[in-house]
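Undergrad:
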Amino acid sequence: MKPGDVIPKPWGSEHIVDLNEAYCIKYLRIRRGQRLSKQYHEQKRETMLLVRGHALLNLTDERGPRDIVMEFGEPYMVDPGTVHRIEGMSTEPAVILEVSTPELEDVVRLQDDYGR
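Plus 573 on top of the position in the sequence shown (first one is 1) and you've got the numbering used here.
Written as structure tokens, this is what we have:
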């Protein structure tokens with residue numbers, strides 16, 4: 574993957590804005606009623622900001638499982654080992670800016686609606 578790439582996903586798409594040895598910046602576009610896999614990362618650390626639409630973030634960490642309706646512009650940090658999933662909730666795709674460490678292949682899927 575390289576900056577400028579748009580990767581189609583069954584739930585929407587990812588647009589890579591920047592990728593280097595220190596970080597990755599991308600936009601996630603998640604269609605209404607679609608959701609990413611329930612997953613965690615062993616090394617990757619993410620910060621996500623909702624920039625358009627509505628989305629639900631499901632997190633399971635040391636505080637237990639919880640559903641969070643993402644607020645516009647509010648940063649949500651996902652540390653390694655935190656189980657998480659995002660679902661689109663708006664008519665137009667929800668758009669999330671994700672800034673993370675560069676380990677893009679570090680995904681452990683626990684559940685996936687699309688059989689991946």
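Idealized CB from N, CA, C, for every residue including glycine.
Figure out for me which residue from 591, 592, 643 and 675 has the closest Cα to the Cα of residue 667.
TA: Closest by alpha carbon: 643.
Undergrad: Within 10 angstroms of the Cβ of residue 585, are there 16 or more other Cβ atoms? Answer buried if so, exposed if not.
TA: Flag for residue 585 reads buried.
Undergrad: Reducing DSSP to helix, strand and coil, say where residue 586 ends up.
TA: Strand, per DSSP.
Undergrad: For the region 656-670 against the region 605-620, do three or more pairs of beta-carbon atoms, one drawn from each stretch, fall closer than 8 angstroms, so that the two count as touching?
TA: The region 656-670 vs the region 605-620: in contact.
Undergrad: With a threshold of 16 other CB atoms inside 10 Å of the CB of residue 626, please say whether the residue is buried or exposed.
TA: Buried is the call here.
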